[in-house]
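For reference, the structure discussed in these notes is given below.
In the working numbering, the protein residues as written are 1451 to 1855.
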C-alpha cells in the first residue's frame, strides 16, 4: 500500500488519489507560482520565528532546503492507477505481512498490552496499519520531509495546508524529539513508521518508551503507543469488532449494501446473511453496513462502527477493507478471503471514465471524471441499476456500460 528503502506498495498506486488521513484534493491543480522560492522562504522563516520557533531550529531545519520541482510535478500529476479490489488486496494483505505482524506482536507484547489497556486498541489493528504504511519501518520513504514540506508549502496548490504542516514539523524539531536528519519519509510529507502528517505527530505522538522523546522513526514502543493514541482519538470503540467477512444469499435486497446503510447485525441475519463459514451470525443490535467491493458475486463484509476509523485514516474503500481484513488475519479470527478469485469483470481506467461520462449525461453527479469509483459514482451506478432492473449492488460492470451505450 515492499522492498527495503522504498515506500510501501500502497503508495505506488493509491496515495495519489487517496492520501493518508484524507488530505484535501486537487482544488487548485492549475494555479501558477508567481513569487520566488527564496522570497517565500524569507517570509516563512519570519513567520516561524513569530510563531515562537527558535532561530536555531529554523536554521538547522531549513538552511539546506531547496525547491524540489520534481515534488511539485508529482503532486500536480497525481493519478489513480485502476486496480481491482482482488489485485489490490492480494498485493497488500499478504501471508508475509500476516506472519510479520504476529512476530511483531510477540516481540513487543508488553508494549501492545499496555497500549490496549490505555487506549483500547487491539494489537492486530495497530500492526495492520504499521505493515501497510511502512512494512514496520522498512519502507518509510526516501525524501527529505523538510524539503518536501517546504516545496509543497511554497506551491500555490495547497499552500495553506502545507505551511501549517511545515510549521508543525519545525515544532517537533524544536521539542527535540528527533533531529532534522531523521526526517526522511514520503514526498507528501508523511512521517514515521505509520506515516503521520506532522500535525498528527505533534498532537498525538506519545513517549511510550520513557526516554523523554517521541520518535516515530526509530522507537517501536513510541510507534505502538502513538498509533493507538491516534486511533483512539479517531473514535475507536474498545471491545467491539471492526469488520467481519460474511456470506450473502442470492436474493438479498442489494440496494441495502451501502456504507450509508447501517442495520443491526440481527437484521442482516434475518435477511439470510451468515458468517464466513456458513454459520449463523451473532444476533445483536450492533449496527453494520454490508460492503461488496467486487459486487454481489465477490467477497462480502459487515463493517461495524469501528470501521469508520479506517475511512478517516484513508479515503480509499479498497485500502480500508484491506487494512481491516488484514487485522483479522493477524489476530487469527479471519480466514482466507472468499470469492476474491472468481472471474468477476472489472472496468479498466478508460472504461471507468466512459462510465462516469455516460452517467453524467444521464444527470448524475459522479464528481470528477477520473476513473476513480468513489461514493458518488457508486450511488449513480446503483440508481442506474435500479432503473434498468439490474441487481443494485453499486458495482460498475461491462454489462452496465453496454446498457448505457
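Where a beta carbon is used, it is the ideal one built from N, C-alpha and C, also for glycine.
Three or more Cβ pairs closer than 8 Å define a contact, and the region 1655-1665 falls short of that threshold against the region 1603-1616. Note on the region 1560-1591: there is no whole beta strand (DSSP E) run with a minimum of 3 residues.
Using a 10 angstroms sphere on the CB of residue 1850, the tally of other CB atoms reaches 16 or more, which defines it as buried. Contact between residue 1571 and residue 1693 fails: their C-beta atoms lie close to 15 Å from each other, not under 8 Å.
Between residue 1854 and residue 1776, the C-beta gap is not smaller than 8 Å, which leaves the two residues out of contact. In chain order, 1664 place their CB closer than 6 Å to the CB of residue 1657, counting only its own chain and leaving out the 5 sequence neighbours on each side. Contact check for residue 1637 against residue 1598 passes: the beta carbons are separated by less than 8 Å.
In the structure shown, residue 1612 adopts helical secondary structure according to DSSP, grouped into three states. Under the three-state reduction of DSSP output, residue 1673 falls in the helix class.
In this structure the region 1710-1728 does not touch the region 1759-1777; the number of beta carbon pairs closer than 8 Å is below three. Only residues of its own chain outside the window of five on either side were considered, and among them 1796 have a CB closer than 6 Å to the CB of residue 1534, listed in chain order. Ranked by Cα distance from residue 1596, the first of 1583, 1617, 1608 is 1617. Rounded to the nearest angstrom, the Cβ distance from residue 1690 to residue 1756 is 5 Å, consistent with a contact under 8 Å. By DSSP's assignment, residue 1845 forms no beta bridge with any residue.
Every beta strand (DSSP E) stretch that sits fully inside the region 1674-1731 and reaches 3 residues is listed by chain position as 1693-1697.
For residue 1510, the secondary structure class from DSSP, reduced to helix, strand or coil, is helix. The three-state reading of DSSP puts residue 1503 in coil, since its state is none of H, G, I, E or B.
Where residue 1751 is concerned, the enclosing beta strand (DSSP E) starts and stops at 1750-1753. Remark: C-beta atoms of residue 1746 and residue 1726 do not approach each other more closely than 8 Å.
Secondary-structure assignment with DSSP links residue 1738 through a beta bridge to 1713.
Contact check for residue 1577 against residue 1554 passes: the beta carbons are separated by less than 8 Å. Between residue 1564 and the set 1732, 1836, 1513, 1673, the nearest pair of CA atoms involves 1673. Annotation: residue 1639 to residue 1511 spans about 14 Å, alpha carbon to alpha carbon. Under the three-state reduction of DSSP output, residue 1646 falls in the strand class.
DSSP, reduced to helix, strand and coil, places residue 1548 within a helical segment of the structure shown.
By the 16-neighbour rule on beta-carbons within 10 angstroms, residue 1784 is buried. Excluding its 5 nearest sequence neighbours in each direction, residue 1828 has C-beta neighbours in its own chain below 7 Å: 1844, listed in chain order. Under the three-state reduction of DSSP, residue 1488 is assigned to helix. By the neighbour-count criterion, in which a residue is buried when 16 or more other Cβ atoms sit within 10 angstroms of its Cβ, residue 1710 is exposed.
Close CB contacts of residue 1831 within its chain, under the 6 Å cut and outside five residues either way in sequence, are with 1844, 1846 (chain order). The residues 1693, 1694, 1695, 1696, 1741, 1771, in chain order, have a CB closer than 7 Å to that of residue 1751 in the same chain once the five nearest residues on each side in sequence are set aside. Residue 1485 sits exposed, since fewer than 16 C-beta atoms from the chains shown fall within 10 Å of its C-beta.
Counting only the Cα atoms, residue 1631 lies some 15 Å from residue 1516.
Between residue 1601 and residue 1522, the C-beta spacing is below 8 Å.
Exclusion of the five residues before and after residue 1790 leaves 1536, 1749 as the residues of its chain whose Cβ lies within less than 6 Å of its Cβ. In this structure, the beta-carbon distance from residue 1794 to residue 1620 does not fall below 8 Å.
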